[in-house]
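Protein sequences appear in the order of chains A and B.
Going by the numbering used here, the first sequence opens with residue 1, and the numbers climb by one from there.
Going by the numbering used here, the second sequence opens with residue 1, and the numbers climb by one from there.
Idealized CB from N, CA, C, for every residue including glycine.
Fair warning: this is a prediction, and the values are worked out from it, not measured in the lab.
This report refers to the structure that appears directly beneath it.
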Amino acid sequence: MKLRDENKKSRKLPVPAIILLDLMLIAAGMSIFLLFYYVIPQNYNTQDTQVVAATTDTASTFALPTDTTTTDTLTSTANTTETDSTTTDSSIVDSSTDTTASVITTDTSDSATTSATTGTTNRTKGQNTGNTGTTQIAADTSAGSEIASEDIVTTLLNSYSSDNMQITINKNVMGTGSDTVTYYVADIYVTSVDYLLSAFANDTYGKNIKDTISGMATDNNAILAVNGDFYGDSEEGTVIRNGVVYRTDVVDADVCVLFTDGTMKTYSPEDFDADTVIAQGAWQAWTFGPALLDGSGNVLTTFNTTDYINGENPRTAIGYVSPGHYVLVVVDGRDEGYSRGVTISELAAIMAEEGCQTAYNLDGGKSSAMVFEGEYINQPADGGREVSDIIYLAE
Amino acid sequence: MNKIKQILPHFTIALSLMFVIFFILDKINPMMNFTDNSISNILLVVLCLLSTATSVIAIVLDRKNR
């Protein structure tokens, strides 16, 4: 009996070994959790999806601009890879007489090539963070005047023109040294919102299903594409894409809705009513935010966001000027000397400067990217990341 | 049964400390959303069941020893 007790005692693990085993158990548990949470793709339930808007019969049609100087310039450069230089007011500058402008143009070509290479080869699987846990953060009122007073050097990068749409992509650089900000503006005219589309990675609605922006753009024959709201990063939040409702739950982030009549509105979580926007013909709805402008082109006084998102970051934003006229902006960041990124207040000021009435911040950081005809226009931070959806234009 | 009695408290400790880590990470960065997602909700139910089982076993053993 005594011997049995002694054997039992000797079989007991020492306390440090038990602690070590428990720690290993915790590590294993965390690893399994993270694997399911971030890595293993899960298809969301699509049984409840509902087609609520079909633009073919009901959508409004809009006229493309015909007689502006800018448009004439666009048409002449459409479908070419040549670059011209323009000043901030979009007037054409002869590059042979403007040394600064021609230098910038050369630099732009180089950076565009580099970003295209980096973008397609060095995609990383960095973790994204959504706009949740929001509070009302006061806008930096000086940001607007700073942006307006900055000398912005604008370079026309690309353009596209057809019977259905006109796209102009400009590269804008403001500030100097470590304060330099580089952003890309796609000015878009479409004859119908039929051409302003969104797509899921691998054409599948689900969590952890991701692809590169250029990959999704190629899959969908996109002329121009930017990242969307990374809906797959969250299990909640309104998702309406190309007239199909996937989910309509409201979180604490603002919601942006593009309607079939070409108008775009932003809603605070309190004001958003899914049934109402669906009845009004919701074509796309994104959940990220915050909303940047008040619907009349004025920068909001407070933003429904978090301190983290409010800081200087790479950005993607969609803006509404008038029915059929939209602006997509991608701001590069986290690259001192090239572009520091911008705060939400600065982004709002940029969107207001671009003439937008309504504007909405989409997913940013490493997600921010703009792809034109399969090539990256910008230089995504740290090589960018795979995302779950894009906003794109296609014929 | 003895094996289960021995292992259960360790799983309870591991799961409890995992939730402590989730709460700390969520405090630091709420956008990671570690505590309010479908997986952590399932884990929370498992933790409740484990805690109940561990507590019941502890009470039964205590009564036996008296």
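Coarse secondary structure for residue i, derived from DSSP in three states
i, result
"A:C356", "coil"
"A:Y392", "strand"
"B:T54", "helix"
"B:R66", "coil"
"A:K366", "helix"
"A:S145", "helix"
"A:F36", "helix"
"A:Y338", "coil"
"A:I223", "coil"
"A:G232", "helix"
"A:G206", "strand"
"A:A63", "coil"
"A:T218", "helix"
"A:E346", "helix"
"B:N41", "helix"
"A:S322", "strand"
"A:D252", "coil"
"A:L20", "helix"
"A:T70", "Note that A:T70 has pLDDT 45, beneath the 50 cutoff, so the model's placement of it is unreliable and no number is given."
"A:I213", "helix"
"B:I59", "helix"
"A:I377", "coil"
"B:L47", "helix"
"A:L399", "Past the edges of chain A, shown from 1 to 395, lies residue 399 of chain A, and the structure says nothing about it."
C-beta contact flag for residue i and residue j at 9 Å
i, j, result
"A:F372", "A:I188", "no"
"A:R267", "A:V255", "The sequence shown places Tyr at residue 267 of chain A, rather than the Arg named in the question. Closer than 9 Å, so yes."
"A:A352", "A:L258", "no"
"A:I391", "A:V226", "yes"
"A:Y184", "A:N202", "no"
"A:G384", "A:T218", "no"
"A:V327", "A:A369", "no"
"A:Q136", "A:F303", "yes"
"A:K265", "A:P41", "no"
"A:I26", "B:M18", "yes"
"A:N242", "A:S192", "no"
"A:L393", "A:I223", "yes"
"A:A349", "A:I209", "no"
"A:A282", "A:T260", "yes"
"B:S38", "A:E395", "no"
"A:T343", "A:N310", "yes"
"B:L61", "B:L43", "no"
Residue i, enclosing beta strand (DSSP E) - first and last residue
i, result
"A:L196", "196 to 200"
"A:S159", "153 to 161"
"A:I167", "165 to 174"
"A:R247", "244 to 247"
"A:Q136", "135 to 138"
"A:F288", "A:F288 -> no beta strand (DSSP E), and no H or E assigned at all."
"A:G297", "Per DSSP, A:G297 belongs to no beta strand (DSSP E) and is neither H nor E."
"A:V330", "325 to 331"
"A:Y44", "Per DSSP, A:Y44 belongs to no beta strand (DSSP E) and is neither H nor E."
"A:R241", "239 to 241"
"A:V181", "181 to 190"
Range covered by the alpha helix (DSSP H) that runs through residue i
i, result
"A:Y308", "307 to 310"
"B:F23", "2 to 28"
"A:M264", "It is not in any alpha helix (DSSP H) - A:M264 instead sits in the beta strand (DSSP E) that spans 264 to 267."
"A:T276", "274 to 279"
Sequence-distant residues of the same chain with beta carbon closer than 6 Å to residue i, five excluded per side
i, result
"A:S345", "A139, D140, A143"
"A:F200", "D389"
"A:T114", "The predicted model places A:T114 with a pLDDT of 35, which falls under 50 and marks its position as unreliable; any figure quoted below should be read in that light. Excluding sequence neighbours, A:T114 sits near nothing in its chain."
"A:Y44", "Y205, G206"
"A:V277", "V257"
Close-in-space but distant-in-sequence residues of the same chain around residue i (CB under 8 Å, 5 per side omitted)
i, result
"B:L8", "L50, A53, T54, I57"
"A:T120", "Residue confidence for A:T120 is low, a pLDDT of 34 falling below 50, so the modelled location carries little weight and cannot support an answer."
"A:G297", "A352, G355, C356, Q357"
"A:V39", "N208"
"A:M165", "L64, I188, Y189, V190, T191, Y195, I223, L393, E395"
Short CB-CB distance (under 9 Å) between residue i and chain C
i, result
"A:Y37", "In the displayed structure, chain C is absent; the protein chains listed are A and B."
Contacting residues, own chain, Cβ-Cβ under 7 Å from residue i (five flanking each side not counted)
i, result
"A:L347", "L292, R315, A317, V331, N361"
"A:L300", "A139, A291, L292, L293, D294, A348"
"A:R340", "S178, D179, T180, V181, E312, G333"
"A:T134", "D252, A253, N304, T305, T306"
"A:E150", "M174, G175"
"A:P323", "S60, F62, D261, G262, T263"
"A:E336", "S178"
Quick check: the stretch 239 to 248 of chain A against the stretch 18 to 35 of chain B, are there 3 or more CB pairs under 8 Å? no
Do the stretch 1 to 15 of chain B and the stretch 11 to 28 of chain A touch if we need at least three Cβ pairs shorter than 8 Å? yes
Mind the definition here: the stretch 216 to 232 of chain A touches the stretch 28 to 37 of chain A only if three or more C-beta pairs lie below 8 Å; say whether that holds. The stretch 216 to 232 of chain A is not in contact with the stretch 28 to 37 of chain A.
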